[in-house]
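Visitor: A single structure is presented below for examination.
Residue numbers (the working numbering), protein chains in the order written: chain A, 1 to 407; chain B, 1 to 407.
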């Protein structure tokens with residue numbers, strides 16, 4: 001595979017035109033869209049309008065006239081087709097971490113006779129920490145942290161909830177959402193899927209997989225900007241009985257009645273808590289326009305091809321790096337992960353050359369592949385830089401001091 | 001008092017120059033800054049820079065290079081002097097409602113042998129609802145909803161926490177924070193003060209009043225924009241033992257170590273949960289510049305004078321409206337509240353004339369007085385419109401249908 005071959009693949013790529021929807025700085029190959037998605041061109045003008053006209057000129061009236069009050073539902077409905085949900089099953093609000101708390105606590109209320117939540121070690125920290133905080137609050141709750149290979153066996157009739165991240169944030173490993181959701185349902189347990197590294201990167205079908213609950217991030221592959229609102233999904237069959245523990249005024253059936261007693265809003269509205277963050281939410285709303293008319297199957301095919309290309313080129317050209325992600329595209333999310341004891345310093349050297357990936361302690365080099373703005377030649381160039389870096393003597397021996405500086 | 005008298009007061013007002021720091025639309029008298037503060041002129045350029053340069057150009061690096069990661073602490077430290085707190089006692093994050101949950105649950109953990117939270121009926125809905133949600137989760141927790149006059153007597157040694165809003169959102173009535181905090185301390189109870197209608201409008205001194213915990217809103221008198229992050233305060237003496245129930249990754253002692261086990265961050269950092277909403281947070285950060293070098297005693301004096309003027313003019317010129325707020329400025333926050341069965345329609349008629357207040361069910365007309373951008377002639381003109389409206393036949397009889405349409 002030569003650089004020319006990659007340019008030919010880009011020329012034939014039906015998604016190549018989507019890159020023009022983003023601001024990608026000159027001289028940068030951005031392989032960190034799994035941490036912060038690039039800026040969609042639709043965002044700056046939208047935000048300027050929200051600030052100058054909606055806030056500055058129309059002031060409080062914009063809750064109605066500009067539809068601020070409807071943004072969580074509207075943005076949720078835009079996310080729904082990307083994750084195989086009905087529009088009334090998704091709402092945008094708060095952060096992924098806060099939504100994890102709502103849904104995990106809500107799951108316990110749906111399974112009041114059960115006191116176990118199953119998850120896996122190495123899950124994204126918030127997924128683990130939020131459960132630990134919940135266990136401090138709810139007497140008798142057991143968090144059963146179970147290695148991946150034993151998860152299916154850990155599901156029994158004591159289990160209220162299985163909480164997993166579909167695509168592992170470090171290694172990119174994929175869970176089989178359908179198989180695990182099916183197994184959970186067989187024992188009467190609910191499933192809560194963290195889609196932070198799936199939504200917008202690959203097809204997800206919460207409905208056909210039988211998932212009960214889900215959360216996900218607005219600022220990774222959905223490109224909603226730093227600290228964008230997250231989303232939450234509750235399958236229709238659970239909505240009427242669902243109780244959020246974070247019963248803020250915006251989740252009330254009639255927020256502007258200012259009643260003293262909480263009554264949950266209809267459907268997903270009860271997942272709201274405080275006032276929606278309108279600036280971040282408007283940016284996310286505008287950002288989602290890049291997905292209009294898109295075929296997520298096509299996105300997935302390109303994502304796998306980019307990952308396969310990356311891994312093949314690394315194998316051929318870079319000494320000393322071992323893969324930390326599945327080699328099989330079907331088992332891998334939209335990222336490549338490599339392992340090296342000097343990972344931190346190597347990532348810094350890449351960044352100095354304009355190739356932006358990131359480092360995850362203790363030794364993972366992580367490269368997100370966003371098919372909407374990354375092309376085959378980008379991958380070729382990124383690995384070319386990596387090969388040049390790895391060819392220098394400096395990386396032959398671990399330099400633990402630099403790793404320690406980060407962790 | 002004539003309009004000319006009011007113009008003379010404006011000419012002599014040492015705060016009059018602050019109005020130039022805000023975008024106030026021509027033809028609008030904005031008396032709703034207690035619902036959504038007006039746009040500070042510093043915000044649009046800051047947000048444009050955050051979007052184009054920090055997000056668009058510098059991408060993920062901006063967490064460090066633009067200081068995104070420090071924004072919650074930095075913004076908290078800017079709010080601290082407005083509420084009589086030390087800079088390391090305040091952090092900006094999440095919504096007021098979410099922070100209420102953190103602090104109420106955290107208070108229970110600080111008083112593990114007590115199972116009562118005292119609050120008052122008619123408190124802002126989230127303050128009540130959040131406690132109700134917490135009680136659903138924590139077995140044995142009793143929410144003791146006690147009328148204002150009996151609050152001090154309701155404090156006994158079973159009480160873990162007293163949660164009150166310093167300035168009542170509808171009526172503007174002030175609690176005596178020092179007296180109630182002192183009474184609470186005498187029985188070993190903690191206090192949690194909601195400062196949503198105080199912070200930025202009047203001097204608050206959490207330290208000298210002996211308050212333990214506080215929350216407040218970023219988008220009212222702090223002018224941070226729609227859905228701005230809220231703030232949370234934990235007195236230094238409680239920080240080391242404080243446990244937030246919302247243990248997201250950003251509250252971890254070392255978020256980027258990606259450990260499996262939660263360890264709370266130092267001081268207020270443990271109040272963080274998910275990723276900070278950088279766009280809304282940057283707007284709030286820029287907005288707070290209007291308070292640089294300001295004397296909050298001077299703000300308070302003008303606020304009381306504006307309120308007294310408003311109430312006197314209403315008494316003199318408007319038939320059929322009764323005050324719903326204290327007539328004494330010392331007992332009133334920075335707002336005036338009036339009562340009328342047709343309140344909703346009267347507020348709409350005012351808005352049609354460019355006088356923007358708001359309506360709170362069932363019968364309250366609410367007018368926020370933000371001394372930084374409201375002047376004496378504004379108050380004169382607002383009441384002049386109100387007098388003209390009240391002089392028409394249409395408002396003599398209640399029209400319940402319109403009230404019902406809102407509630």
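Even glycine gets a Cβ: it sits at the ideal position worked out from N, Cα and C.
Using 8 Å as the Cβ pair cut-off and three pairs as the minimum, do the stretch 281-290 of chain B and the stretch 219-229 of chain B touch?
Guide: As far as the Cβ criterion goes, the stretch 281-290 of chain B touches the stretch 219-229 of chain B, which means the pair count is three or higher.
Visitor: Bridge partners for residue 322/A per DSSP, in chain order?
Guide: Bridge partners of residue 322/A: 339/A.
Visitor: With respect to the alpha helix (DSSP H) encompassing residue 208/B, which residues constitute its N-terminal and C-terminal limits?
Guide: Note, residue 208/B: alpha helix (DSSP H), 206-209.
Visitor: Could you round the C-beta distance between residue 278/A and residue 71/A to whole angstroms and report it? I think they count as a contact, below 8 Å.
Guide: At roughly 7 Å, the Cβ-Cβ gap stays under 8 Å, so residue 278/A and residue 71/A are in contact.
Visitor: Just how far apart, CA to CA, sit residue 97/B and residue 220/B?
Guide: Distance between the alpha carbons of residue 97/B and residue 220/B: 14 Å.
Visitor: According to DSSP, simplified to helix, strand and coil, what is residue 214/A?
Guide: Three-state result, residue 214/A: strand.
Visitor: Do you know whose CA, among 382/A, 389/A, 390/A and 387/A, lies nearest residue 27/A's CA?
Guide: For the residues 382/A, 389/A, 390/A and 387/A, the minimum Cα distance to residue 27/A belongs to 382/A.
Visitor: Taking the alpha carbon of residue 12/A as the reference point, which residue from 384/A, 376/A and 216/A has its own alpha carbon closest?
Guide: Answer by Cα proximity: 376/A.
Visitor: In its own chain, which residues sit with a C-beta less than 6 Å from the C-beta of residue 85/A, not counting the 5 before and 5 after it?
Guide: Cβ neighbours of residue 85/A beyond the five flanking positions: 206 and 233.
Visitor: Measure the Cβ-Cβ separation of residue 172/B and residue 325/B and say whether it is below 8 Å.
Guide: It is a contact, given that the beta carbons lie within the stated cut-off.
Visitor: Assign residue 400/B to buried or exposed, taking buried as 16 or more other Cβ atoms, counted over all protein chains shown, within 10 Å of its Cβ.
Guide: At residue 400/B, the pLDDT of 45 sits below 50, so the modelled position is not reliable and the matter cannot be decided from this model.
Visitor: Tell me which residues of the stretch 235-248 of chain A have at least one Cβ-Cβ distance to chain B shorter than 9 Å, keeping chain order.
Guide: Within the stretch 235-248 of chain A, the residues whose Cβ lies closer than 9 Å to some Cβ of chain B are 243, 244, 245, 246, 247 and 248, listed in chain order.
Visitor: For a cutoff of 8 Å on Cβ pairs, would you count residue 405/A as touching chain B?
Guide: Here residue 405/A scores only 40 on pLDDT, less than 50, and its place in the model should not be relied on; the value that follows carries that caveat. Cβ-Cβ to chain B under 8 Å: no for residue 405/A.
Visitor: Go ahead and pull the three-state DSSP assignment for residue 30/B.
Guide: The answer is strand: DSSP assigns residue 30/B an E or B state.
Visitor: Whole angstroms are fine: how far does the CA of residue 155/A sit from the CA of residue 403/A?
Guide: Confidence in residue 403/A is poor, its pLDDT being 39 and thus under 50, which makes the residue's placement unreliable; the coordinate value appears in the next sentence. Their Cα atoms are separated by approximately 37 Å.
Visitor: Listing by chain order, which chain A residues have their CB less than 8 Å from the CB of residue 60/B?
Guide: Those within 8 Å of residue 60/B in chain A are 32, 35, 36, 356 and 358.
Visitor: Whose Cβ in chain B lies nearer than 9 Å to the Cβ of residue 57/A?
Guide: Those are 23, 25, 28 and 39, listed as they occur along chain B.
Visitor: For residue 9/A, does the count of other Cβ atoms within 10 angstroms reach 16, so buried, or fall short, so exposed?
Guide: Buried, by the Cβ-count rule.
Visitor: Distance check for residue 319/A and residue 99/A, CA to CA, integer angstroms please.
Guide: Rounded to the nearest angstrom, the two C-alpha atoms are 42 Å apart.
Visitor: Here's the rule I'm using: 16 or more other beta-carbon atoms within 10 Å means buried, otherwise exposed. How should residue 53/A be labelled?
Guide: So residue 53/A ends up on the exposed side.
Visitor: Would you mind listing the alpha helix (DSSP H) stretches within the stretch 110-137 of chain A that are 4+ residues and don't spill past its ends, in chain order?
Guide: Qualifying alpha helix (DSSP H) stretches, in chain order: 125-137.
Visitor: Within the continuous alpha helix (DSSP H) that includes residue 383/B, where are the two ends?
Guide: Per DSSP, residue 383/B belongs to the alpha helix (DSSP H) from 376-390.
Visitor: Answer yes or no: do residue 447/A and residue 125/B have a C-beta to C-beta separation smaller than 8 Å?
Guide: What is shown of chain A runs 1 to 407, which leaves residue 447/A out entirely.
Visitor: Comparing the C-beta of residue 167/A with each C-beta of chain B, is any distance below 8 Å?
Guide: Chain B contact via Cβ: absent.
Visitor: According to DSSP, residue 194/A sits in a beta bridge with which residue or residues?
Guide: Residue 194/A is bridged to 165/A and 215/A.
Visitor: Can you list, in chain order, the residues of its chain with a C-beta nearer than 6 Å to that of residue 243/A? Leave out the 5 residues immediately preceding and following it.
Guide: Cβ neighbours of residue 243/A beyond the five flanking positions: 106 and 109.
Visitor: Determine which residues of the stretch 257-286 of chain A have a Cβ less than 8 Å from any Cβ of chain B, and write them out in chain order.
Guide: Correct list: 257, 258, 259, 260, 261, 262, 273, 274, 275, 276, 277, 278, 279, 280, 281 and 283.
Visitor: Check residue 60/B in the structure and name its three-state DSSP category.
Guide: Here residue 60/B sits in helix by DSSP.
Visitor: Name the DSSP beta bridge partners of residue 252/A, please?
Guide: BP columns for residue 252/A point to 264/A.
Visitor: Please determine if the stretch 249-269 of chain B and the stretch 128-146 of chain A are in contact, where contact requires at least 3 C-beta pairs separated by less than 8 Å.
Guide: Yes: at least three Cβ pairs fall under 8 Å.
Visitor: Is the stretch 198-217 of chain B in contact with the stretch 79-93 of chain B, if contact means three or more CB pairs nearer than 8 Å?
Guide: The stretch 198-217 of chain B vs the stretch 79-93 of chain B: in contact.
Visitor: Please confirm whether residue 122/A has its beta-carbon closer than 8 Å to some beta-carbon of chain B.
Guide: Yes, contact with chain B.
Visitor: Which class does residue 24/B belong to by DSSP, given the choice of helix, strand or coil?
Guide: Note: residue 24/B maps to coil in three-state DSSP.
Visitor: Which residues of chain B have a Cβ atom closer than 9 Å to the Cβ of residue 48/A, listed in chain order?
Guide: 44, 47, 48 and 51, listed in chain order.
Visitor: From the beta carbon of residue 401/B, is the nearest beta carbon of chain A less than 8 Å away?
Guide: Residue placement at residue 401/B is flagged as unreliable, the pLDDT there being 42, under the threshold of 50; a coordinate-derived value is accordingly withheld.
Visitor: Contact criterion: CB-CB distance below 8 Å. Does residue 304/B meet it with respect to chain A?
Guide: For residue 304/B, the answer is no, since every Cβ of chain A falls outside 8 Å of its Cβ.
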